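Residue numbers (my numbering): 37 to 471.
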Ligand code: SAJ
């Protein structure tokens with residue numbers, strides 16, 4: 037019989053690791069979180085959190101206070117190890133950087149015991165889980181691993197990619213289906229039993245870790261390609277003088293069309309990164325994915341050109357004015373609506389570029405922050421009423437608070453369609469008029 041899992045260790049207490057650790061702890065499993073950052077460890081041991089995610093603070097504080105969750109810098113023995121460390125890319129060729137996974141393997145190898153399972157949760161290129169098994173085996177020649185002993189291995193290995201949406205992590209961790217890619221059937225079943233401690237969605241068992249790795253990369257590439265389509269439409273519509281928001285709304289009235297929304301570019305730590313993992317594994321077979329990446333990463337420059345054109349228009353209409361007298365208002369800095377996360381944000385990138393280029397005042401409206409980042413020194417964080425008096429209005433993030441706001445006077449660069457006019461529906465009154 038399988039030994040029940042009573043202690044889980046989560047390596048990497050960031051945006052995925054901490055919520056996952058807290059979720060196990062909320063189910064009364066003993067959880068030890070491991071992180072290389074002493075400040076993170078101290079913060080969590082006080083019952084506080086170092087990241088922003090709705091409801092996470094409550095769950096962490098309860099788990100720490102009840103003694104189910106603690107953090108440490110030094111790994112200790114456990115039944116299951118979940119690795120949730122960053123997997124960025126490096127260099128101009130966007131090669132995946134697996135050094136954090138390798139370092140995690142080195143850290144946990146000394147405390148591994150027969151019967152343990154090691155699960156890679158980090159979004160990873162195809163082959164990373166097998167590489168992880170190789171690194172662990174290299175450190176522990178006294179233990180057997182699935183690549184050597186198959187179902188009889190001392191240590192079980194699986195890839196179970198995280199798939200939760202920032203801003204909805206605590207809900208999606210529970211309700212999303214979980215893709216499980218064990219190196220053997222036994223590895224998969226052990227991992228599925230572990231996640232079933234809190235997952236109400238299905239645990240879907242893949243043929244192995246490679247399919248699970250590719251599934252996660254495919255999900256984010258699917259979204260990237262579809263956003264690129266919307267972004268390309270916005271460029272085409274600008275040339276053809278058609279309102280792209282109207283166009284998408286009209287086309288989406290077809291039962292089999294569902295176009296996503298254009299924006300200032302694709303931000304965050306996942307969708308702009310993960311497609312490159314596919315490209316670096318299969319460069320010749322992935323022209324569409326590469327093009328989508330380029331369309332999306334080129335969008336901020338295009339928006340900046342729109343702002344420059346708007347300034348040109350304003351000055352043409354006000355010949356007595358100089359550029360230094362023109363006020364530009366920027367609405368939103370976050371990487372997507374209704375969050376305060378400014379990292380990898382195309383909106384912030386555009387605001388920084390406007391600030392570097394424009395000689396006049398820059399007013400920023402961002403309801404989710406109290407202060408502007410250092411990179412925007414010289415710009416002013418203002419309320420919408422003050423921004424309304426600007427001459428050029430650049431809408432970058434469709435935060436709830438912006439939606440439904442009146443279209444301000446002046447030049448408009450609306451990358452989110454917040455001030456676009458909705459097409460109207462043929463109404464009952466009109467039907468009666470014709471009759
Ligand atoms: N965006 C658009 N237009 C759209 C939708 C999104 O421009 O119609 C932009 C957003 O403004 C943002 C970027 O795309 O800048 C990414 O935002 P997102 O909400 O699409 O996704 P993320 O990065 O917050 O989270 C994604 C999710 N993946 C999918 O939806 C397929 C999430 O489920 C993953 O777990 C996460 O990546 C991850 O960690 O990989």
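Positions of the beta carbon are idealized from the N, C-alpha and C atoms, including for glycine. Every value quoted in this text rests on a predicted model; they were computed, and no experiment measured them.
Counted within 10 angstroms of its Cβ, other Cβ atoms place residue 387 as buried (16 or more) or exposed: buried
Helix, strand or coil at residue 265 according to DSSP, with G and I counted as helix: helix
Supposed contact pair residue 98 and residue 77 - C-beta distance, whole angstroms, cut 8 Å: With a Cβ gap of about 19 Å, residue 77 and residue 98 do not count as contacting.
Proximity test, residue 83 beta-carbon vs the ligand FAD heavy atom, cut-off 7 Å: Looking at this structure, you won't find the ligand FAD anywhere; what it does contain is the ligand SAJ.
Proximity test, residue 326 beta-carbon vs the ligand SAJ heavy atom, cut-off 7 Å: no
Continuous alpha helix (DSSP H) stretch holding residue 515: start and end: Nothing about residue 515 can be reported from this structure: the residues present for the chain run from 37 to 471 only.
Burial state of residue 462 (16 or more Cβ within 10 Å): exposed
Check: residue 439 C-beta below 7 Å from any heavy atom of the ligand SAJ: no
Residue from 367, 360, 423 with nearest C-alpha to residue 392: 360
Simplified DSSP assignment, three categories, for residue 218: strand
Near the ligand SAJ: residue 269 beta-carbon under 7 Å from a heavy atom: no
Rounded separation between residue 192 and residue 185 - CA only: 10 Å
Residue ranges of each alpha helix (DSSP H) within the stretch 44-106, 4 or longer: 53-62, 74-81, 92-101
Contact set for residue 126: own chain, Cβ-Cβ below 7 Å, skip 5 residues either direction: 133
Distance between residue 452 and residue 371 (C-alpha atoms, nearest Å): 13 Å
Whole-Å CB distance - residue 137 paired with residue 164, under 8 Å assumed: 7 Å
Continuous alpha helix (DSSP H) assignments of at least 4 residues falling wholly in the stretch 228-267: none
Option nearest residue 413 by Cα separation, candidates 384, 336, 46: 384
Cα-Cα separation between residue 267 and residue 438, rounded to whole angstroms: 21 Å
Beta-carbon spacing of residue 233, residue 60 below 8 Å: yes
Separation of residue 246 from residue 416, as counted between CA atoms: 49 Å
Residue 81 vs residue 115 beta-carbon contact at 8 Å: no
Bounding residues of the alpha helix (DSSP H) (the contiguous stretch that carries residue 194): Here residue 194 belongs to no alpha helix (DSSP H); instead the beta strand (DSSP E) covers 192-195.
Nearest candidate by alpha-carbon position, reference residue 101, set 113, 83, 90, 111: 83
Closer than 7 Å: residue 297 CB and nearest the ligand SAJ heavy atom: yes
Residue 230 versus residue 248: straight-line alpha-carbon distance, rounded: 17 Å
Local Cβ density within 10 Å of residue 342, reported as buried at 16 or more and exposed below that: buried
Same chain only: Cβ atoms within 8 Å of residue 88, ignoring 5 sequence neighbours per side: 375, 376, 377
Span separating the alpha-carbon of residue 303 from that of residue 434: 14 Å
Inter-stretch contact (C-beta, 8 Å, three-pair minimum) for the stretch 206-216 and the stretch 46-65: yes
Residue 458 versus residue 285: straight-line alpha-carbon distance, rounded: 8 Å
Residue from 397, 96, 67, 46 whose Cα sits closest to the Cα of residue 119: 46
N-terminal and C-terminal residue of the beta strand (DSSP E) that residue 462 is part of: Segment: none, residue 462 is in no beta strand (DSSP E) and carries neither H nor E.
Among 196, 204, 141, 200, nearest to residue 173 - alpha-carbon criterion: 141
Where residue 386 sits in the DSSP three-state scheme: helix
Spatially closest choice to residue 196 from 442, 227, 139, by CA coordinates: 227
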